[in-house]
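Count along the sequence shown from 1, then add 3; that gives the number in the numbering used here.
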Amino acid sequence: LQIALVRDARGHFTVFSLHADHTLWGSHEAEDDFGDKQIGEGLHRFAAASDLQGRIFLAGIAPDRSLWARRQRSAGGPWTPWQHHDLDLLDVHVAPLRDTIVVHIIDGDGAAHWLGRDTWAPLGGPAFTKILALEGRKGELLRLAHDHAGTLHERRDLT
Numbered sequence: 004l005q006i007a008l009v010r011d012a013r014g015h016f017t018v019f020s021l022h023a024d025h026t027l028w029g030s031h032e033a034e035d036d037f038g039d040k041q042i043g044e045g046l047h048r049f050a051a052a053s054d055l056q057g058r059i060f061l062a063g064i065a066p067d068r069s070l071w072a073r074r075q076r077s078a079g080g081p082w083t084p085w086q087h088h089d090l091d092l093l094d095v096h097v098a099p100l101r102d103t104i105v106v107h108i109i110d111g112d113g114a115a116h117w118l119g120r121d122t123w124a125p126l127g128g129p130a131f132t133k134i135l136a137l138e139g140r141k142g143e144l145l146r147l148a149h150d151h152a153g154t155l156h157e158r159r160d161l162t
């Protein structure tokens, strides 16, 4: 259903794949081989990113449209337990920004928000269906979102 690829601090890749049975699997590149293990279940959408230290952050949307998230405590190290956030979501995206990971969501009404400084902040705009965010070459946060008509909206912010 979905695939994501992130690079850790040592330059190795981790591939995440969401299967048709809604299980999330991770395969970490070790030497010339990938090991595969289940790391989550009950998700119908997910996002993955790694920060400057190589710690991976995962966020997923469950069938009830709530948010589940977990992260590595250290690069290549153990994971935190999955944390549940009772939100009504259509989409989630996570992206590195300088020394942190930013989380963007589209709620059930199509409103876009991002998690900054421990609080959800609205982004404004029309009702959206999908969102993508990344750090621009000047350190700005570039956000792209589709509305219900399929129009692509762009917003750049210095944070």
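A virtual CB, placed ideally from N, CA and C, is assigned to each residue, including glycine. Just so it is clear, the structure is predicted and the values come from calculations on it, not from any experiment.
Item: Enclosing beta strand (DSSP E) for Ser-53 [first to last residue]; Value: 48-53
Item: Helix, strand or coil at Gln-56 [DSSP, three-state]; Value: coil
Item: Residue environment, Asp-94, which counts as buried when at least 16 other CB atoms sit within 10 Å; Value: buried
Item: N- and C-terminal bounds of the beta strand (DSSP E) containing Leu-126; Value: First-last for Leu-126: undefined, no H or E at that position.
Item: Classification of Ala-136 by the beta-carbon crowding that lies within 10 angstroms, buried from 16 upward; Value: buried
Item: Limits of the beta strand (DSSP E) - the one that Asp-94 falls within; Value: 92-100
Item: Residue burial classification, Gly-139 (beta-carbon count within 10 angstroms, cutoff 16); Value: exposed
Item: Sequence-distant residues of the same chain with beta carbon closer than 7 Å to Asp-102, five excluded per side; Value: Asp-54 and Leu-55
Item: Nearest-angstrom beta carbon gap, Asp-11 and Ala-98 [assumed within contact, 8 Å]; Value: Not confirmed; about 16 Å, so no contact.
Item: Glu-138, enclosing beta strand (DSSP E) - first and last residue; Value: 131-138
Item: Sub-8 Å separation of Thr-26 and Gln-41 beta-carbons; Value: yes
Item: Beta-carbon separation (whole angstroms), Arg-74 vs Ile-64, contact threshold 8 Å; Value: Not quite, the Cβ-Cβ distance comes to about 17 Å (not below 8 Å), so this is no contact.
Item: Reference His-31; option with closest CA among Arg-48, Gly-57, Phe-131 and Ala-23; Value: Gly-57
Item: Val-106 and Leu-92 closer than 8 Å at C-beta; Value: no
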